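There are 2 protein chains.
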Amino acid sequence: MSDVAAAIMDAAERRMRRGGFNGFSFREIAADVGVKSSSVHYHFPTKDDLAAAVIKRYTAETAELIERELVKESNPIKVWVKAFRGTLHSQDRMCPCAVLGASSQDLPPEVAAEVKRFFKMCHDKLVEEGLPPDEASQLLSTITGALVVANAVNDFSVYDNATREFTRSRKPAPVKAAARRLK
Amino acid sequence: MSDVAAAIMDAAERRMRRGGFNGFSFREIAADVGVKSSSVHYHFPTKDDLAAAVIKRYTAETAELIERELVKESNPIKVWVKAFRGTLHSQDRMCPCAVLGASSQDLPPEVAAEVKRFFKMCHDKLVEEGLPPDEASQLLSTITGALVVANAVNDFSVYDNATREFTRSRKPAPVKAAARRLK
DNA sequence: AAAGCCCTACCTATCGAGAGATAGCCATGG
DNA sequence: CCATGGCTATCTCTCGATAGGTAGGGCTTT
Chain A
1 MSDVAAAIMD
11 AAERRMRRGG
21 FNGFSFREIA
31 ADVGVKSSSV
41 HYHFPTKDDL
51 AAAVIKRYTA
61 ETAELIEREL
71 VKESNPIKVW
81 VKAFRGTLHS
91 QDRMCPCAVL
101 GASSQDLPPE
111 VAAEVKRFFK
121 MCHDKLVEEG
131 LPPDEASQLL
141 STITGALVVA
151 NAVNDFSVYD
161 NATREFTRSR
171 KPAPVKAAAR
181 RLK
Chain B
1001 MSDVAAAIMD
1011 AAERRMRRGG
1021 FNGFSFREIA
1031 ADVGVKSSSV
1041 HYHFPTKDDL
1051 AAAVIKRYTA
1061 ETAELIEREL
1071 VKESNPIKVW
1081 VKAFRGTLHS
1091 QDRMCPCAVL
1101 GASSQDLPPE
1111 VAAEVKRFFK
1121 MCHDKLVEEG
1131 LPPDEASQLL
1141 STITGALVVA
1151 NAVNDFSVYD
1161 NATREFTRSR
1171 KPAPVKAAAR
1181 RLK
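If you're matching them up, the sequences are chains A and B in order. Under the working numbering, the first residue of the first sequence is numbered 1, with each subsequent residue one higher. Under the working numbering, the first residue of the second sequence is numbered 1001, with each subsequent residue one higher.
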């Protein structure tokens, strides 16, 4: 992928994190990158294509990040809470999938499908790492919601308050998951 | 408030629940109600006005609903989990504040302020009903996130799975809160 | 009671801005 | 020499917003 294409995806992701699918335009992206809007169309024919590509890349990057962190810290709960905490404290603040997921019903089908894939990936990984399915759903929901609420009230401490109990009292995942990951 | 104004707010709320602030237009609302878009402007001069009014009303209605339910069921956790579950299973599916809150950074200030007020109201009420602040943040986050994730993956059972532990194991609120409410 | 008047609640018509998308031209480099 | 990756220019839509017109109900004044 060319530098420009990557820069376009970066700009699109940044704006999607703020305003979702309807929160950015080809012209804005083009201005961010320093090209013309028609050049954005060259790399991503339609807006749907661009958004879907951004989410697909984001899903892959998140999965990789989690894998890397699991090597350093074997408790998956701590890893996921910390990862989303990093998102909140980053410049872009929100997870794009949380933003898009909230208005999933109004998304182009390809984009909605990618967002769905993201959350499925998260849940699958949590279960694979040893959490019971319900607990995985709860953790994923709490983390996602904490992001939304912290964003809405503009107070990041909400995230830490909401996730505190998780990082404190939960048992670490069974050893087998960590072992499988290492071999 | 006139019938038409109420119908406009109803239509706006319905569309906001699906697509957020950028997910509806004056013309769509007008068509839903059966008037012209200029008539919508008559009742709500700007789009910001309309959206803020919708959220303000929604906040008040939610507070009233919770109060009513607390008379029947004294455990606030069960009441809130059930209330948002009702939202998910309603025709409109999402809480408008969850949708708008996710893209809070891109909202007109008056609208963002109303969304913030909604979440503050929720947290305040939970604390008032006897929950420790952190637990209130956690419950609110989990419920909100469960809505988002369930919506994104298009599977309502996620909500029940994510909130199951809350409704099962938590202690009911202290008696004083219920007593205060009754006097 | 009739005349005059204003306010409410719509309407038609239109504005300029910005959206996504397309057609076709041009420069560079393998 | 032609494919790649940009560009200019322009299309058609839709957006939020505004100007100005009108029907009719209710008020006051004579």
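Idealized CB from N, CA, C, for every residue including glycine. Owing to the predicted nature of the structure, the values given are computational and were not obtained by experimental measurement.
**Contact with chain B by residue 104 of chain A, beta-carbon distance below 7 Å** = Reading the first sequence from its first residue, position 104 is the one you call residue 104 of chain A. Cβ-Cβ to chain B under 7 Å: yes for residue 104 of chain A.
**Prompt:** In chain A, what lies closer than 7 Å to residue 1144 of chain B by C-beta?
**Reply:** Mapped onto the second sequence, residue 1144 of chain B falls at position 144. Going along chain A in sequence order, the residues near residue 1144 of chain B (Cβ under 7 Å) are 145, 148 and 149.
**Item:** Expected contact under 8 Å - CB spacing of residue 125 of chain A and residue 1153 of chain B to nearest Å
**Value:** The sequence position of residue 125 of chain A within the first sequence is 125, counting from 1. The sequence position of residue 1153 of chain B within the second sequence is 153, counting from 1. That pair is no contact at about 14 Å.
**Contact the stretch 88–101 of chain A vs the stretch 73–80 of chain A: 3+ CB pairs below 8 Å** = no
**Message:** Using a Cβ-Cβ cutoff of less than 6 Å, which residues in the same chain neighbour residue 87 of chain A once the five nearest sequence positions on both sides are dropped?
**Reply:** For the purposes of this step, residue 87 of chain A is taken as the residue at position 87 of the first sequence. Only 95 meet the Cβ criterion.
**Message:** Give me, in chain order, the residues of the same chain whose beta-carbon lies closer than 7 Å to that of residue 146 of chain A; leave out the 5 immediate sequence neighbours on both sides.
**Reply:** Locating residue 146 of chain A in the first sequence gives position 146, where the first residue counts as 1. Taken in chain order, the residues that qualify are 158, 159, 162 and 163.
**Request:** Could you tell me which of A:16, A:33, A:15 and A:127 sits nearest to residue 2 of chain A, measuring between CA atoms?
**Result:** The count along the first sequence starts at 1 and reaches residue 2 of chain A at position 2. It is A:33.
**Message:** Could you tell me the alpha carbon to alpha carbon distance between residue 1016 of chain B and residue 71 of chain A, rounded to whole angstroms?
**Reply:** On the second sequence, residue 1016 of chain B is found 16 positions in, with the first residue counted as 1. On the first sequence, residue 71 of chain A is found 71 positions in, with the first residue counted as 1. In a straight line, the C-alpha of residue 1016 of chain B is about 42 Å away from that of residue 71 of chain A.
**Prompt:** Roughly how many angstroms lie between the CA atoms of residue 141 of chain A and residue 1143 of chain B, to the nearest whole one?
**Reply:** Against the first sequence, residue 141 of chain A aligns to sequence position 141. Against the second sequence, residue 1143 of chain B aligns to sequence position 143. Computed Cα separation, rounded: 7 Å.
**Request:** Please name the residue in A:112, A:137 and A:98 whose C-alpha comes closest to that of residue 151 of chain A.
**Result:** Counting from one through the first sequence, the residue named residue 151 of chain A turns up at place 151. Closest option to residue 151 of chain A, Cα to Cα, is A:98.
**Item:** Where residue 156 of chain A falls: helix, strand or coil (DSSP)
**Value:** Position 156 of the first sequence, counting from 1, holds the residue named residue 156 of chain A. Coil.
**Message:** Less than 8 Å between C-beta atoms, sequence neighbours within five positions excluded: which residues of the same chain meet that for residue 1133 of chain B?
**Reply:** The residue labelled residue 1133 of chain B in the question sits at position 133 within the second sequence. Excluding sequence neighbours, residue 1133 of chain B sits near 1123 and 1127.
**Request:** Verify the CB distance criterion: does residue 182 of chain A have a CB-CB separation below 7 Å to chain B?
**Result:** Within the first sequence, residue 182 of chain A is the residue found at index 182, counting from 1. Here residue 182 of chain A scores only 45 on pLDDT, less than 50, and its place in the model should not be relied on; the value that follows carries that caveat. Answer no: the Cβ-Cβ gap between residue 182 of chain A and chain B never drops below 7 Å.
**Message:** When you compare the CB of residue 1070 of chain B with every CB in chain A, is at least one pair closer than 7 Å?
**Reply:** By one-based count along the second sequence, residue 1070 of chain B stands at place 70. No - not a single Cβ of chain A is within 7 Å of the one on residue 1070 of chain B.
**Item:** Proximal chain B residues relative to residue 19 of chain A, where beta-carbon distance stays under 8 Å
**Value:** In the first sequence, the residue the question calls residue 19 of chain A occupies position 19. Going along chain B in sequence order, the residues near residue 19 of chain A (Cβ under 8 Å) are 1022, 1103, 1105 and 1106.
**Request:** Have a look at residue 24 of chain A and residue 1073 of chain B and give me their C-alpha separation to the nearest angstrom.
**Result:** Locating residue 24 of chain A in the first sequence gives position 24, where the first residue counts as 1. Locating residue 1073 of chain B in the second sequence gives position 73, where the first residue counts as 1. Roughly 45 Å separates the two Cα atoms.
**Item:** Separation of residue 1117 of chain B from residue 1060 of chain B, as counted between CA atoms
**Value:** Reading the second sequence from its first residue, position 60 is the one you call residue 1060 of chain B. Reading the second sequence from its first residue, position 117 is the one you call residue 1117 of chain B. Residue 1060 of chain B and residue 1117 of chain B: Cα-Cα distance of roughly 10 Å.
**Message:** Going by DSSP in three states, residue 142 of chain A sits in which element: helix, strand or coil?
**Reply:** As a first step, residue 142 of chain A is located in the first sequence; it is residue number 142 there, counting from the start. Residue 142 of chain A falls in the helix class under three-state DSSP.
**Prompt:** Given residue 104 of chain A, which residues of its chain have a CB within under 7 Å of its CB, disregarding the five upstream and five downstream residues?
**Reply:** Position 104 of the first sequence holds residue 104 of chain A. Within the same chain, residue 104 of chain A has close Cβ partners 112 and 115.
**Asked** At least one CB of chain A closer than 7 Å to the CB of residue 1131 of chain B: is that the case?
**Response** Indexing the second sequence from 1 puts residue 1131 of chain B at position 131. So no, residue 1131 of chain B is outside the interface.
**Prompt:** Between the C-alpha atoms of residue 1049 of chain B and residue 84 of chain A, what's the straight-line distance to the nearest angstrom?
**Reply:** As a position in the second sequence, residue 1049 of chain B is number 49, starting the count at 1. As a position in the first sequence, residue 84 of chain A is number 84, starting the count at 1. Approximately 33 Å between the Cα atoms of the pair.
**Residues of the stretch 119–130 of chain A with Cβ closer than 9 Å to any Cβ of chain B, in chain order** = 119, 120, 122 and 123
**Alpha-carbon spacing of residue 1014 of chain B relative to residue 1005 of chain B, whole angstroms** = Taking the second sequence and counting its residues from 1, one reaches residue 1014 of chain B at position 14. Taking the second sequence and counting its residues from 1, one reaches residue 1005 of chain B at position 5. Each residue's Cα considered, the two are about 14 Å apart.
**Asked** In chain order, which continuous runs of the beta strand (DSSP E) of length 3 or greater are located wholly inside the stretch 1096–1144 of chain B?
**Response** none
**Asked** Hey, would you say residue 1008 of chain B sits closer than 7 Å to residue 1054 of chain B, going by beta carbons?
**Response** What you label residue 1008 of chain B is simply residue 8 of the second sequence in a count that begins at 1. What you label residue 1054 of chain B is simply residue 54 of the second sequence in a count that begins at 1. Contact flag unset, no.
**Message:** Going by DSSP, what residue range makes up the alpha helix (DSSP H) through residue 1035 of chain B?
**Reply:** What you label residue 1035 of chain B is simply residue 35 of the second sequence in a count that begins at 1. That residue, residue 1035 of chain B, is in no alpha helix (DSSP H); it is neither H nor E in DSSP.
**Request:** Determine whether the Cβ of residue 153 of chain A lies closer than 7 Å to any Cβ atom of chain B.
**Result:** As a position in the first sequence, residue 153 of chain A is number 153, starting the count at 1. Answer yes: the Cβ-Cβ gap between residue 153 of chain A and chain B drops below 7 Å somewhere.
**Request:** Note down, in chain order, every chain A residue with its Cβ under 7 Å from the Cβ of residue 1162 of chain B.
**Result:** Reading the second sequence from its first residue, position 162 is the one you call residue 1162 of chain B. Chain A residues near residue 1162 of chain B: 137, 138 and 141.
**Members of the stretch 1070–1096 of chain B that neighbour chain A once the beta carbon cut-off is set at 8 Å** = 1093 and 1094
**Prompt:** Just the Cα atoms here: how many angstroms apart are residue 101 of chain A and residue 1020 of chain B?
**Reply:** On the first sequence, residue 101 of chain A is found 101 positions in, with the first residue counted as 1. On the second sequence, residue 1020 of chain B is found 20 positions in, with the first residue counted as 1. Those two C-alpha atoms are separated by around 11 Å.
**Prompt:** How many Å lie between residue 1029 of chain B and residue 1038 of chain B at the Cα?
**Reply:** The count along the second sequence starts at 1 and reaches residue 1029 of chain B at position 29. The count along the second sequence starts at 1 and reaches residue 1038 of chain B at position 38. Residue 1029 of chain B and residue 1038 of chain B: Cα-Cα distance of roughly 11 Å.
**Item:** Candidates B:1167, B:1027, B:1156 and B:1137, of which the one nearest residue 155 of chain A by Cα
**Value:** By 1-based counting over the first sequence, the position of residue 155 of chain A is 155. Selected option, being the one with the closest Cα: B:1137.
**Request:** Could you tell me if residue 45 of chain A is buried or exposed, where buried requires 16 or more neighbouring beta carbons within 10 angstroms of its beta carbon?
**Result:** Position 45 of the first sequence, counted from the first residue, corresponds to residue 45 of chain A. Residue 45 of chain A should be labelled exposed.
**Message:** With H, G and I counted as helix, E and B as strand and the rest as coil, what does DSSP make of residue 93 of chain A?
**Reply:** On the first sequence, position 93 is the one that residue 93 of chain A refers to. Residue 93 of chain A: coil per DSSP, three-state reduction.
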